[in-house]
Every structure is written in structure tokens, then in C-alpha cells.
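**Student:**
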Ligand code: S3P
């Protein structure tokens, strides 16, 4: 039975694009945890945060992780804060190879500064907020099986690196 390929990393690190490309090339099922949350609640992530708050979203995300970590051979694109619930990473690692897509706060800021759908970054100083969250989360992201440099805007590099890594496993 084949393991899941799990992508974690900060908002704007390219998880969704890279996951879509991996699913296409490997002909595997693509699971995006944020999309599942939106479908289940019938609301956008932004609306879920606004109506019910972050703790509610984290519990919803945790329940989704419990389910999707039981999949076989799927590409799992996780929301950036998935590492915050202490059980999530272990659940994902139990049946998956976890890749942390690493990009610096400055690169992330440049990528997402014109996007308005991320509730956690709707603050007066988004770069400062990214730096703070990044520092808090770094030790958690670093618990992935593999760290992939995702600072370049092109997704081909990380995609090829991940494909090479799974070949040798
Ligand atoms: C979040 C990241 C988002 C989404 C929510 C919270 C976070 O996912 O789950 O806005 O805490 O980093 P993306 O990383 O796909 O933007």
C-alpha cells in the first residue's frame, strides 16, 4: 500500500500548486484540507474564522486530518497552520511522507501581499505577523521528513526534488 505524500509549510509557500502538479504527474488523488473544511462548513476559510473563530477552525482541521491521514497514496495539501495541533503531524507521518516547503518570510510576503483571503494576515503589519508566526512554527515544520527549498517562484524545482525523494523510498 502506498504512502501519502503530505505537503506542509507556511501560507504562500506553494503547497497547493506543487500538490496539484504532483497529483497530475503521479496520477494520484489530490486532497486539500482547506477545501474540505470549506465544503463541510459551506463557507470560505475567511468566513469560518470570522463566524466561529480560530479554535473552531483548528478542531475542524484536526478532524479532517484524522480522516485524510488514513488515505492511501494521496497527495495531501495541508493548511499552513496544520502543525499547531500537536497530534496532526504524527497522524500525517504515520502513513505519509511529509515534505516541508520552506520559503523565507520576505518571499512569502512578496507572494501573498496582494491576496486578501487569508484571515490571519488581515493586520496592519502583515510582514511582521508573518515573521512572528514563522518563528513560532519553524520548529514544528522542521519535524517533517524532508525539507524542500521553495523560495524560487517556479514550482518545477520542488516538484522534481519531491519526485526524486519518493523514488528512493
Ligand atoms: C492558515 C493557512 C491557510 C488556512 C488558514 C490558516 C495558517 O492555508 O488554513 O487561513 O494558519 O497558516 P494556506 O497555507 O493554504 O494558505
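Numbering (our numbering), first residue to last: 459 to 627. Where is the CB? At the ideal position from N, CA and C, for every residue including glycine.
1) Report all residues from its chain with a CB closer than 7 Å to the CB of residue 592; omit the five preceding and five following residues, and keep chain order.
2) May I ask whether a heavy atom of the ligand S3P can be found less than 6 Å away from the beta carbon of residue 503?
3) Can at least three beta-carbon pairs, one atom from the region 615-624 and one from the region 552-567, be found at a separation below 8 Å?
4) Taking the continuous alpha helix (DSSP H) assigned at residue 520, which residues delimit it?
5) What I want to know is whether the C-beta of residue 469 ends up closer than 6 Å to one or more non-hydrogen atoms of the ligand S3P.
6) Along the chain, where does the alpha helix (DSSP H) containing residue 578 start, and where does it finish?
7) State the start and end residues of the unbroken alpha helix (DSSP H) segment that holds residue 607.
**Tutor:** Working from what's here:
1) Here residue 592 refers to the residue found at position 134 of the chain shown. The residues are 468, 563.
2) Numbered from 1 along the chain shown, position 45 holds the residue referred to as residue 503. Yes, Cβ of residue 503 sits closer than 6 Å to a heavy atom of the ligand S3P.
3) yes
4) One-based indexing of the chain shown puts residue 520 at position 62. 512-526 is the span of the alpha helix (DSSP H), which, as asked, contains residue 520.
5) As a first step, residue 469 must be located in the chain shown, where it is residue number 11. Yes, the Cβ of residue 469 comes within 6 Å of a heavy atom of the ligand S3P.
6) Here residue 578 is taken as the residue at index 120 of the chain shown, counted from 1. Looking at the DSSP string, residue 578 is not in any alpha helix (DSSP H), and its letter there is neither H nor E.
7) The residue labelled residue 607 in the question sits at position 149 within the chain shown. No alpha helix (DSSP H) holds residue 607; the beta strand (DSSP E) holding it covers 604-607.
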